[in-house]
Structures are given as structure tokens and as C-alpha cells.
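K.L.:
Residue numbers (the working numbering): 440 to 1401. No residue lacks a Cβ here, since even glycine has one placed at the ideal position from N, Cα and C. Here it is, the structure, as C-alpha cells.
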């Protein structure tokens, strides 16, 4: 036991030095780094990948059997050489151009006319030299590009090609720093200086199997790898074999290429057994092959990018190896030990509890990949739990509980199904275990080892999770339903009080309720979130503060303690590490564990702590080691690239490409008839992470979109005008990239183009002129019409007035005629009556005269009678009345006006006024008035006074004006 303890202490010390404190540029030696596979069905090209390069934008390029492949982190594109040759070599020049070589062909690719365009350089090769072989290597050095075939080296500079010939055929050209080396078959190794090959003396030591790798080494030396003779070091003058652990491996499996990684490590690809990585001391750090994650063991090329990703071009596929990944993996590809339910490191052993039994393997920091797992005898069956308590490893098994010592087990309990085992918080001298049939108690024997004591009486329910609260009560989660709270007797042998809880007590359900200790408080998980128990009300309520801060992990079904203030939360196959260091704040990190989603055994997830920063995570077919210190170092060292705006497509009615790379365009002009587009974008960040995008189309949208994982966006029916598409990315919810943008112009439709507007303007001007003239002509016509109409209306009006006047005149004439006729009729009647009267008067006079004649001597009384008849006739008023009426009709009621103005006038005055109005002479008036002329004058004088006629006014004129 002391030896095991010593081993354990030494191991933890080594781990804390060599593993727990790894820097961002270190490679974990335990397990295998994360390997991402790109199968040919994904990139849709040939099997073989001969060369790899990466440009300044972060786009990866692969020389593939089907052509040039490019990958931006999301989308693959393929370009072919003119004759569909295999691309054997690819490199990025200082000018940013992509140079490629194949059989009888080399040149460069440049974005032109909105797509990659290939320009061949073989026309620049001076005659009579011909390119008849494969271009195997391309190396840029400053502004010069070197193309190498087995027969020549072509030097391209200033748009000219110089041909370099060697004494014999060449094998391969190599670049180490800023130096170029080439092996000339049967002549040794040469360095290319200027346009000359200078032999390195003593290189014959390297043998004739072929130099396939030359890398910068420590102390300004070179590390040279040969096909079958191992590794050598060249110090500038002497070649020496390099003693290292990988030599036999490289000789056996045939080194094919090499690359320096992470400053002081060296990765070598082989023909037969994948990749091996060594450090500067020659110690093997990693061996990665098909059994540990590669798609194929034949490595055709290796490339280390600026993010410390090791890319492997394979004979069948492409793989990316995240060398300094905080997650290291071990998978049982053979199915040897089944499904892993629990794992633990104890002493110099790593133990895996599976559904087939308990397996143990060697735990050695120097060769951690070679675990050599073996089944511990008599451990066959389901292993549920591995727990390390007081330097004793205890295994909870379907057949009971065992203590584990090295590669053997000893049964300490026959109680089946040991699910969970922990110390009692109220009495650390005892262990309590949840089993298929209730609870079991363990104590220590005289040797200080934990042994079975007894089962707790009175409670026999399946006990999946067991927790003790601050009052000493034992909370037990039933395997399938409900929750129990037990109060144990003082001797821990009996459950003195058992209380069952379900929905009646505030729980959301009676299924999947589990109990855990979180920050010294018992919390209860459910599908609806975490709950807490209130002693006073004997009721459960939601733990809202915890649920809200955990977000998506608020409904976790399991909690595993990590460190003092950190806990693992498991929710539907997803895991996160939550930190409770700061009061009132919980930081939840789940993104770095996305690769493990769904890979742990559901409801039996297991994570154990190896040291302060190392954790052992059980997965279905193996285990994963998580290095928290390395994860933190990588997080602080992360430098993000910009988002690349990729393909822009026309999706108006059919799909067609507008440009293959929006990143290579300053602005894109799109016809209005094709105004529905799709923009693709990607972040050339290749490490294991969760990437989200946010975009904004200025001129169309009002604000940035929500963060989401979609890497393309459709915009339909865009109006003509200028837009700016902006996009940025966020990695693992905490780091945001710079904004990438492209200007997009939707051209105006033909009817709204500048020429159209000019045409419209001219048409408008012409229209205005024509319209003006038409208007003026129309105005003249309208004026003429109006004038004619007015004239016509005037004439009609005059005509109507004339007609009305004529009618009025006719009416007046008629009335006048009628009046005259009536007057004539009256005059006729009056004349008739006057004649009658005068005739009667004359008859009377005649009769009287006859009487006088008969008497012959007139009598005086007869004469008086005759005189009286004559006087009565002269004074008869009937003639005057007829005259007055006629006079009034002719002179508009002259007498009425005269009487109204001068009521003191007597009839004789009125007669005189009438006669004066008629402008009669005094003589005529005297006759009518039967007075003398003198009497007329006297009456006129009197009348002037009565009428108050001024002295200078003529009386007749006065009466006429009246």
C-alpha cells in the first residue's frame, strides 16, 4: 500500500509539472489530440491529397487528384487545371497568388472576372527546355518562386523563368527557414544558393534511400529525415545520426515527410503507420494513426498552419489534428471493453468500469497512448461506480461492491448494484451507498480499510442518488419515481422516519428527480429545472436564481463536482463547466465540450478529477482527458481571423453564381432583374469551437441580426440602390471578430437607368415644348371658342333682349293700342254721349225756337228758358269728367299728384292746370272756361301763388315738369 501511495504521489507531481501546467504551444502527451476527418464524400474530390497551403486570409488549399481544392472553414470549392491534371504541389506566394504544379504544367491562380482564373507559366520556359514531368515541389522565397521536377528546378522571377540543371536527376527540393536544399541522386545533398547548387560535404552519410524532410532544428542546426535510414542532424559542417525514440518506427514504417510544429516539436508522416511526433530530445510525444483517429495510415503531406493545426493530406482524405487541444482522446476502436460507465486514475493505473467488467491499463506520462487495457479477473459484469476514498479504490458492481488493488479485486459487500458511494457528512467515519435494494453502510476495519457494515433497515427502494443535508437527513432519489427523505437512527441501522415526496409537495413530476450537493446545499434536478426544499413549509419550489443563470443547463439532470467552486452540469448528453467563484455570478462554459455531445452514457455520465487542471471524462467507447489550464492558455492566446465573404449567388428564379469570392471584390453590381441574392460567409478558424454569425445589410435592415450558426443569408426583391453587407463572427460566446463588409449595388432597371432618365428628361423637355405649343394653340382655340361663345351668347343675349324689348315694345304698343283703343272707345262713347247730349240740347233749343216761331212773338220767359238750357249745357260737368279721366291716363295721374301736393286747389284751378299743361293759349282756355281772356290771366296769377311757383319759373314749364 505504501508503494502504491508513493507511485500515486510521484504521478500527480509529474502530471502537475508536465501536464497540468501546459502552455498554449505544448502538446499533451496523454491520449490523442482531437482529429477532424474530411472524407472525400465531404469535399467531393479525389482520394489523394499531395500538398497543402494556407493564404493570408486563412483559406486552406489542397493539391488533390481532381484539382485544386479550397476550404474556408465551411465551404469547399474545386478548380481544375486545363487538362484535368493531378495537382502535386501548391504554395502561396508573397504576392498572395496561389501557385500550383502538375504533370507538364505549373502556373498561378488569381481571382479574375468574379472567379478563380488560372494562368500558365510554361510558355516562359526558355527553349529548348521542355517540361515533361510532374512538378513535385513549389517554394516561394521572397519574390522568387521555385518549381521542382525530377529533372529541373525552374526559378520564376520578374515574369521570367530561369532553368537550373543538376548533374543527375533530383529527388525533392526542401525548404528550411530561408534556405533551399535538394538531393541529387547518387551525388548527395546540395544547397541552392542563387542559381547554383552547392554540395554539402559529408552528405553521403545520409544514404541513398532518399532525403524526404529537412527541418530547422535547435541551435541553428537542421533535422534531416530519410526514407529508411532514420533522422540526422546537420550542424553546418557535419552530419550526425540523431538518437531518438522514433528512429526504429520511422525506418520500419518509412518516413515520407515532416514539418516543425509548435516551435519545438517535429511531426513526421509515414507511408505505413500514420504520424509520429517527437520533441527536441527525440522523445515520442504522440503517435496518431488510423486506430487513433486518422482516416488512412499513408500520409502524403503535412502542413502546420498559424493556428497550430497539423493538416495531413492522406492517400484517402484530409485530416486536421488539433495538436494543443485541451481535449485528448482514447477510443476503443476494437470494441474490446464495451461501453464505459466510469473511469478513474489510481496509482499508476487507469481503470475503466464498463458494461463488460473492470479494465485496467498502464498510466505513464512518457507513453500515455499505450495503455494496454486488460480485464481484471472476476470483474465481469456491469460496473456502475469507481470511487477513491482515503486512498482506497472501491468498485460498485452489479454483483456487489469490491475493493480494487492493482489488477485484482476483493469483494467487500454482497449487496447488488452499488450505484453511488460517499462519506456521511454528519459522520465521516462511515460511508453510505445507494444500491438496487436500499442503503448500505460501510466503516473501517482494524487495518483502516473500508468494509461493509450493514444495510439500513426499513427502507428497500432503489437508491440512485444519495445526499445528506445540513440537518443530517438523507435524501434518496428513486431510480424511476419520486424522492425520499430519511431520518436515520443514531446507530445508523434503521430509518426511523421516511417521507415520500412527489407532485403534491411541489415537485413538477415524480420521475427523474435527482438530489445533488451544490455549494453545501442540497438541490433537486428535474426536467423543469432545479428545485430546493423549504423545511418550514415542507414544500419544494423552483430555484429560479440558479435556473436563470445556468440558461440552457438549468434543466440539467446531473451535477458532478469539479473543484471547490466549479461543477459539471450534464443536460441531455451535453456538458458544461460552471464556475461559482464570484458571488451572484455563474460563468458557464459549454462550447469547448461540443465535440463530446451525445458521447457519454446517458444518465450514467462520469467525470473524475485527476489533478487541479486535469479531468478524466468517460465516453461511450473510451475516455477523454480535459486540461483546463491549457484551455485557459489557448483562450487568452486566441487571435481571430476575419470573416470571409464567399460565394454570392443569384436566386431570383434559378441558381447561378454572381461571384465565387465576395472577399476578392470591393463591390458587386447586380442587374435589377436579378435582385434576389444569397450571400455565403465563413470564418477560417479551424479549431474545435462553436461559431456564430451576425450580419447586417446597411440600406435594407435597421439593425444587426441575432447571433446564429447559419453561414448564408438570402435577400430577395431588393430595390435598386447601394447596400453594404456586414458580417462578423463570435467564437465560443466570448470572442468577436472584426467586421467584414462588401458593397452591393442593385442597378436601376433599364427604365430607371441614367440613359433612361436622360431620355425621359429630353422627352419631358420636348413634351413640355410640344405641350406648350399645343397648349398655346389650344388656348388660342379655346379663347376663340370662348370669344365666339361669348359673342354668340352676347348676340343671343342681345337677340333675346331685342326679342324681349320687341315683345315689351309690342306689349307696350299693344297695351298702348289697347289703351288708345279703350280711350278712343271712351272718346267715341263720350263723343256719342256728347253728341246725344248736344243733339238733345239742340232739339230742346230747336223746339223752343219752334215754339217761338209759332208764337211769332217771343215771350221773355221762353227766352229765359232757352238761355237757361244754353247755360246748363255750357256748365255741364260730364264733359269735364271725361276730359279729366282722359287727361290722367295721358299724363300719369296728373291731377292725383297735383291734389296730393296742393290740396287747396279748387276744380277750376285743376282745369286751368290741365289746360296749361296742354300748353293751350289764353284764348282757348277762356273759351273752355267760359270766361274772358282777362279772367284767364287773373286765374293764372292766382294759381301761381297757390302753387308757389318761383318768379323766374314759367308756370306752364312748372306744370309740365310736375
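1) Mind reading off the beta-carbon distance from residue 949 to residue 921? Whole number of angstroms is fine, and I expect it under 8 Å.
2) Could you tell me the alpha carbon to alpha carbon distance between residue 587 and residue 467, rounded to whole angstroms?
3) Residues bridged to residue 698 by DSSP?
4) Please list the segments of the alpha helix (DSSP H) lying wholly inside the segment 1055–1139, counting only runs of 4 or more residues, in order along the chain.
5) Go ahead and label residue 1366 buried or exposed: buried means 16 or more other beta carbons lie within 10 angstroms of its beta carbon, across all protein chains shown.
6) In terms of DSSP beta bridges, what is residue 783 paired with?
7) I need the DSSP call for residue 750, collapsed to helix, strand or coil.
8) In terms of residue numbering, what span does the alpha helix (DSSP H) encompassing residue 1354 cover?
9) If we ignore side chains and look at the alpha-carbon of each, how far apart do residue 1031 and residue 1129 end up?
10) For the beta strand (DSSP E) containing residue 645, list its first residue and its last residue.
11) Which of the three DSSP states is assigned to residue 1393 in this structure?
12) On the criterion of 16 or more Cβ atoms from any shown chain inside 10 Å, does residue 731 qualify as buried, or is it exposed?
13) So the candidates are 1018, 939, 736; which of them puts its Cα closest to the Cα of residue 977?
14) DSSP three-state label for residue 1143, please.
15) Within a Cβ cutoff of 7 Å, which residues of the same chain sit near residue 877, ignoring the five residues on either side of it in sequence?
16) Taking 6 Å as the limit between beta carbons, can you name the residues of its chain near residue 517, skipping five residues before and five after?
17) Looking only at C-alpha atoms, which of 713, 681, 1400, 476 sits nearest to residue 759?
18) Is it buried or exposed for residue 669, if we count other Cβ within 10 angstroms and need 16 for buried?
19) Is the number of C-beta pairs between the segment 1101–1112 and the segment 1182–1189 that are closer than 8 Å three or more?
20) Rounding to the nearest angstrom, what Cα-Cα distance links residue 531 and residue 577 in this structure?
21) My output table needs one value for residue 1041: the three-state DSSP class, helix, strand or coil.
22) To the nearest angstrom, how far is it from the Cα of residue 1349 to the Cα of residue 1307?
23) Kindly indicate the opening and closing residues of the alpha helix (DSSP H) around residue 1368.
24) Reducing DSSP to helix, strand and coil, say where residue 1194 ends up.
25) From 1126, 1138, 646, 793, pick the residue whose C-alpha is nearest to that of residue 1040; which is it?
26) Taking all protein chains shown into account, decide if residue 631 is buried (16 or more other Cβ within 10 angstroms of its Cβ) or exposed.
27) Going residue by residue through the segment 929–1002, where are the continuous beta strand (DSSP E) segments of at least 3 residues, counting only ones entirely within it?
28) Just the Cα atoms here: how many angstroms apart are residue 1097 and residue 1089?
29) Would you grab the beta carbon distance between residue 1375 and residue 1364 for me? Rounded to a whole angstrom, and I think it's under 8 Å.
30) Indicate whether at least one CB of chain D lies closer than 8 Å to the CB of residue 528.
31) Tell me the DSSP secondary structure of residue 1271 in three-state form.
32) For residue 1303, count neighbouring C-beta atoms within 10 Å of its own C-beta (all shown protein chains included) and say buried if the count is 16 or more, exposed if not.
33) For residue 1482, I'd like the list of residues in its chain whose CB is within less than 6 Å of its CB, leaving aside the five on either flank, ordered along the chain.
34) Of the residues 854, 838, 832, which one's Cα is nearest the Cα of residue 845?
35) When DSSP labels each residue in this structure, what does residue 575 get in the three-state scheme?
36) Closer than 8 Å is the cut-off here; do at least three beta carbon pairs connect the segment 693–709 with the segment 640–652?
P.N.:
Considering the structure as presented:
1) In the chain shown, counting from the first residue as 1, residue 949 sits at position 510. In the chain shown, counting from the first residue as 1, residue 921 sits at position 482. Right, their Cβ atoms sit about 5 Å apart.
2) Counting from one through the chain shown, the residue named residue 587 turns up at place 148. Counting from one through the chain shown, the residue named residue 467 turns up at place 28. Rounded to whole angstroms, residue 587 to residue 467 spans 37 Å at the Cα level.
3) Taking the chain shown and counting its residues from 1, one reaches residue 698 at position 259. According to DSSP, which records beta bridges pairwise, residue 698 is partnered with 706.
4) 1067–1076
5) Residue mapping note: residue 1366 aligns to position 927 of the chain shown, counting from 1. So residue 1366 ends up on the exposed side.
6) Taking the first residue of the chain shown as position 1, residue 783 is located at position 344. 790, per the DSSP bridge assignment.
7) As a working note, residue 750 is residue 311 in the chain shown. Looking at residue 750 - three-state DSSP - the assignment turns out to be strand.
8) Working through the chain shown from its first residue, we reach residue 1354 at position 915. Its alpha helix (DSSP H) spans residues 1346–1356.
9) By one-based count along the chain shown, residue 1031 stands at place 592. By one-based count along the chain shown, residue 1129 stands at place 690. Answer to the nearest angstrom: the Cα atoms are 7 Å apart.
10) Counting from 1 along the chain shown, the entry for residue 645 is found at position 206. From DSSP, residue 645 is part of no beta strand (DSSP E); its letter is neither H nor E.
11) The residue labelled residue 1393 in the question sits at position 954 within the chain shown. Looking at residue 1393 - three-state DSSP - the assignment turns out to be coil, as it is neither helix nor strand.
12) Taking the first residue of the chain shown as position 1, residue 731 is located at position 292. It is buried - the Cβ of residue 731 has at least 16 other Cβ atoms within 10 Å.
13) As a working mapping, residue 977 is identified with position 538 in the chain shown. Out of 1018, 939, 736, 939 has the C-alpha closest to the C-alpha of residue 977.
14) Taking the first residue of the chain shown as position 1, residue 1143 is located at position 704. Coil.
15) Residue 877 sits at position 438 when you count from the first residue of the chain shown. Around residue 877: 894, 895, 898, 899, 900, 902.
16) Locating residue 517 in the chain shown gives position 78, counting from the first residue. The answer, listed in chain order, is 484, 506, 508.
17) If you number the chain shown from 1, residue 759 lands on position 320. When only C-alpha atoms are compared, the closest one is 476.
18) Position 230 of the chain shown, counted from the start, is the residue given in the question as residue 669. Buried, since its Cβ has 16 or more Cβ neighbours within 10 Å.
19) yes
20) The residue given as residue 531 occupies position 92 in the chain shown. The residue given as residue 577 occupies position 138 in the chain shown. Cα to Cα, residue 531 sits roughly 9 Å from residue 577.
21) Along the chain shown, read from residue 1 onward, the residue named residue 1041 stands at position 602. Looking at residue 1041 - three-state DSSP - the assignment turns out to be coil, as it is neither helix nor strand.
22) Your numbering for residue 1349 matches position 910 in the chain shown. Your numbering for residue 1307 matches position 868 in the chain shown. The alpha-carbon atoms of residue 1349 and residue 1307 are separated by roughly 26 Å.
23) Reading the chain shown from its first residue, position 929 is the one you call residue 1368. First-last of the alpha helix (DSSP H) with residue 1368: 1361–1368.
24) By 1-based counting over the chain shown, the position of residue 1194 is 755. Residue state, collapsed to three classes: helix.
25) Taking the first residue of the chain shown as position 1, residue 1040 is located at position 601. Of 1126, 1138, 646, 793, the residue nearest in Cα terms is 793.
26) As a first step, residue 631 must be located in the chain shown, where it is residue number 192. Per the 10 Å Cβ criterion, buried.
27) 934–940, 953–957, 960–964, 970–973, 978–981, 997–1002
28) As a working note, residue 1097 is residue 658 in the chain shown. As a working note, residue 1089 is residue 650 in the chain shown. In a straight line, the C-alpha of residue 1097 is about 6 Å away from that of residue 1089.
29) Position 936 of the chain shown, counted from the start, is the residue given in the question as residue 1375. Position 925 of the chain shown, counted from the start, is the residue given in the question as residue 1364. Contact holds; Cβ gap of about 5 Å.
30) In the structure shown, chain D does not exist; there is a single protein chain.
31) Locating residue 1271 in the chain shown gives position 832, counting from the first residue. Interpretation of residue 1271 is limited by its pLDDT of 42, a score under 50 that renders its predicted location unreliable; the figure taken from the coordinates is listed afterwards. Here residue 1271 sits in helix by DSSP.
32) Working through the chain shown from its first residue, we reach residue 1303 at position 864. When all chains shown are included, residue 1303 counts as exposed.
33) Because the chain here runs from 440 to 1401, residue 1482 falls outside it and cannot be looked at.
34) One-based indexing of the chain shown puts residue 845 at position 406. If we check each option's Cα against that of residue 845, 832 comes out closest.
35) Here the question's residue 575 lines up with position 136 in the chain shown. Residue 575: coil per DSSP, three-state reduction.
36) yes
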